[in-house]
Amino acid sequence: LVSPPCASLCLQVALEVLHRSQSDAAARLCDAIIGRLAPPGPALPDGALPEGLRDPQASRLLEAAVTVAGPRRLREIFRTHFKGRLRGVASHRVANHGLQRLLDHAPDDVVGEVLSELGPALSEPLARGHPGVLTAMMGACRRSPAHQGEGLKYLLQVSHAPSLAKPRPLLPRPHPKEAF
């Protein structure tokens, strides 16, 4: 049920429905999905991401699981799969979405850890075209008054930093007679 797109979508909806019904089955399904897609195992080399965060289809399912996971499970997910890898996760074209969902639901202590690790490097995901990471981080800071000052400091630093993105070359304008 994890790999076919329609089955994956069914699991995502099942998670949401079970979560809204406040069923204990939601937590069990969440744990099963996370255990299948991002199993605990030997430590990955620095910068390496679990397969579940790199694969677009698995990542969507992990995102759905993160949205219904409770604070205890979110702390565990953060410490197992994100901590120490946030720069790589935030700059990855797929994995950054999982980080955004984590930030959308993270408890205050996780927000603080993410902010201290990723805050000084927020310009990197922006330069790679991932503004959602910054938006999710600022949303998490908004919900966590203790981290608002530090979040604002990093936001102001990013807004004044020179862009790391390479400027696109300008295309020459065609001569009016050559246009037709």
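So the number in my numbering is just where the residue sits in the sequence shown, counting from 1, plus 130. Using N, Cα and C, we set each Cβ at its ideal position, and we do this for glycine too. The model shown is predicted, which means the values in this text are computed figures rather than measured ones.
Own chain residues within Cβ distance below 8 Å of N226, not counting five before or after: The count along the sequence shown starts at 1 and reaches residue 226 at position 96. Within the same chain, and ignoring the five residues on either side of N226 in sequence, the residues whose Cβ sits closer than 8 Å to its Cβ are V219, A220, P255, H260, G262, V263.
Segment contact, 8 Å Cβ cut-off, at least three pairs: the stretch 197–206 with the stretch 230–250: Output reads yes: the stretch 230–250 touches the stretch 197–206.
Alpha helix (DSSP H) segment containing S221, residue limits: The count along the sequence shown starts at 1 and reaches residue 221 at position 91. Per DSSP, the continuous alpha helix (DSSP H) segment holding S221 begins and ends at 216–221.
Assigned secondary structure, L145 (DSSP; H/G/I helix, E/B strand, else coil): As a working note, residue 145 is residue 15 in the sequence shown. Note: L145 maps to helix in three-state DSSP.
A266 vs L233 beta-carbon contact at 8 Å: Within the sequence shown, the letter at position 136 stands for residue 266. Within the sequence shown, the letter at position 103 stands for residue 233. Contact: yes.
Nearest candidate by alpha-carbon position, reference S138, set E193, E247, R150: Start at 1 with the first residue of the sequence shown, and residue 138 comes out as number 8. Taking S138 as reference, the option from E193, E247, R150 with the minimal CA-CA separation is E193.
Runs of alpha helix (DSSP H) lying entirely within the stretch 215–282, each at least 4 residues, in chain order: If we require 4 residues or more, the alpha helix (DSSP H) runs fully inside the stretch 215–282 come out as 216–221, 225–235, 238–248, 253–257, 261–273.
Beta-carbon contacts of E160 that lie in its chain and below 6 Å, excluding the five residues immediately before and after: As a position in the sequence shown, residue 160 is number 30, starting the count at 1. The sequence given here places Cys at residue 160; Glu does not occur at that position. So the qualifying residues of the chain are A195, V198, A199.
Exposed unless 16 or more other CB atoms sit within 10 angstroms - verdict on V143: Counting from one through the sequence shown, the residue named residue 143 turns up at place 13. Burial call: exposed.
S151 - DSSP class collapsed to helix/strand/coil: Taking the sequence shown and counting its residues from 1, the one referred to as residue 151 is at position 21. In the three-state reduction of the DSSP assignment, S151 falls in the coil class.
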